[in-house]
Amino acid sequence: MLGYISSTRKKSCRQCVKAKRRCDLGYPCCKRCFTKALDCAYPNASVREAEVIIRQATPDLALPPTTATSASSGASGGGIRLHMEEIDPALLQAFSDSSASASGSRPEKSLDFESIPIAHPWPQQIYRRPRTTPPQRPLVPHFSSPTFLNDPQVIFLISGMCAFVPALAYNGHNTFIHSHLYEEQQPSAYQDSVAISALYMVKTQKNITVLAKSMDAKIAALIASSHSWTLEEHLAAVQALITYQLIRLFDPTMNLQSSAIPHNHLLAVWTAHLWKRSFAHPLTLPDCHASWVFYESLRRTVMISVFLRGAWSCVTRGGLCDQVPVLARLPLTTDDKLWVENKNMFESRTPCRKKAEALVAYGEWSARWDGDPRNLSDFQRLLLVACRGQEDPRLLQKEPVLLE
5 MLGYISSTRK
15 KSCRQCVKAK
25 RRCDLGYPCC
35 KRCFTKALDC
45 AYPNASVREA
55 EVIIRQATPD
65 LALPPTTATS
75 ASSGASGGGI
85 RLHMEEIDPA
95 LLQAFSDSSA
105 SASGSRPEKS
115 LDFESIPIAH
125 PWPQQIYRRP
135 RTTPPQRPLV
145 PHFSSPTFLN
155 DPQVIFLISG
165 MCAFVPALAY
175 NGHNTFIHSH
185 LYEEQQPSAY
195 QDSVAISALY
205 MVKTQKNITV
215 LAKSMDAKIA
225 ALIASSHSWT
235 LEEHLAAVQA
245 LITYQLIRLF
255 DPTMNLQSSA
265 IPHNHLLAVW
275 TAHLWKRSFA
285 HPLTLPDCHA
295 SWVFYESLRR
305 TVMISVFLRG
315 AWSCVTRGGL
325 CDQVPVLARL
335 PLTTDDKLWV
345 ENKNMFESRT
355 PCRKKAEALV
365 AYGEWSARWD
375 GDPRNLSDFQ
385 RLLLVACRGQ
395 EDPRLLQKEP
405 VLLE
């Protein structure tokens, strides 16, 4: 098990104080409370601690090997001087053993990628399957093995993620890049990803080659500069690689899957290093809003990075999402309105010291959700479709937008 230890003067949780035991200060649950299924709570938890100290609990598996010779530099970390103690193993799990056992209980079939429609014909009326027992909120989510998704779920997830590309092209921001994230300074990786997205939106048979070579050149430039990234540049690079992977993996007309697949490993390594780096060297920003915007963008970027690789696993492995155990433990902000509020509204509606209360593990949030899908943001709906789409078809009724 992997846990992060706070370097702050944070007080021990109430359960450890009561039992007179040493607390490792993990968030949202310390190791002792995690193993004993106790209700873990901290006195006077601060926003800074909640943003930086998140407990990850996943099997300590070895880094999966890569056999792609065309991405040897990417497999080794793409220029970043990596030490394995700096990499978060929670984000690098292949779960090969669990995948093999799971696939044995159900015959694998690959989703026909060419059959994904431009506009999926969702049924006009979908009846919700009655729930036999009321949902129970677990103290710690128990998602320990990969999960099979059905075809409507996979199609919805892919189309939802592909919508990030036109959003970036038209607006300069999307679901995991906040509109205020790069207001003061724009990293070159961010500018390049916006330009590539804009070029992609005017894609023709004549400029596909230019688009493909441009993405290859941008990825090569990212690898070459990765040894000197600041934390902001590292975040922008991961966001850019996500954008390029969405285009190359999920647009069959580009015919770039073979060159994109090895870079999934590169994306995993960069994301894991970004996640660990955000804990080890937290960024100091001028105010609470700027800090929240940066770290929420970082959290969402990590989530979408793992989500993308899980969706590709579904496409190529008959609906099997091998990233479920990792996703379930990533932190999620439940109050999605914070993402769209301006600075004044952000500070007046909820004091900065209370922002940490909105953080919860993705698996826990999805397990206890029992609301109206009409009140969900696009991001929340995307996350819930992956976990609850089979049992609650209402989540699939909102027609997603596919890349054209």
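Number 408 marks the last residue of the sequence shown (our numbering); no jumps. For glycine and all other residues, C-beta sits at the position ideal for the given N, C-alpha and C. Everything numeric in this text was worked out from a predicted model, so none of it was measured.
Taking the straight line between their C-alpha atoms, what separation do you get for P329 and A371? 14 Å
So what does DSSP say about P335, is it helix, strand or coil? strand
Using three-state DSSP, classify F180 as helix, strand or coil. coil
Count the other CB atoms, across all protein chains shown, that sit within 10 Å of the CB of Q189; report buried if there are 16 or more and exposed otherwise. exposed
In the DSSP output, what is A276 paired with across the bridge? The partner list for A276 (beta bridge, DSSP) is empty, contrary to what the question assumes.
Proximity below 8 Å, CB of F160 to CB of G314: no
Determine the direct distance from the alpha carbon of F254 to that of I162, and round the result to whole angstroms. 7 Å
Mind checking which residues open and close the beta strand (DSSP E) that includes L363? 363-365
Would the stretch 318-332 count as touching the stretch 277-289 if we require 3 or more Cβ pairs under 8 Å? no
When the distance is taken between beta carbons, is K222 closer than 8 Å to Y248? yes
Tell me which same chain residues have a C-beta within less than 6 Å of the C-beta of P47, skipping the five on either side of it? K15
Is the beta carbon of S309 less than 8 Å from the beta carbon of I265? no
Under the three-state DSSP convention, the category C325 falls into: strand
Could you name the residues that DSSP lists as bridge partners for T234? According to DSSP, T234 bridges with nothing at all.
Let me make sure I understand the geometry here. Which of Y299, A225, L226, Y204 has the alpha-carbon closest to that of A216? Y204
Note down, in chain order, each residue of its chain lying with its Cβ closer than 7 Å to the Cβ of K24, except the 5 sequence neighbours on either side. none
Keeping to the same chain, check which residues put their C-beta closer than 8 Å to that of E4; ignore five residues upstream and five downstream. Because the chain spans 5 through 408 in this model, residue 4 falls outside it and cannot be assessed.
Please confirm if Y299 has its CB atom under 8 Å from at least one CB of chain B. No chain B is part of this structure, which consists of one protein chain only.
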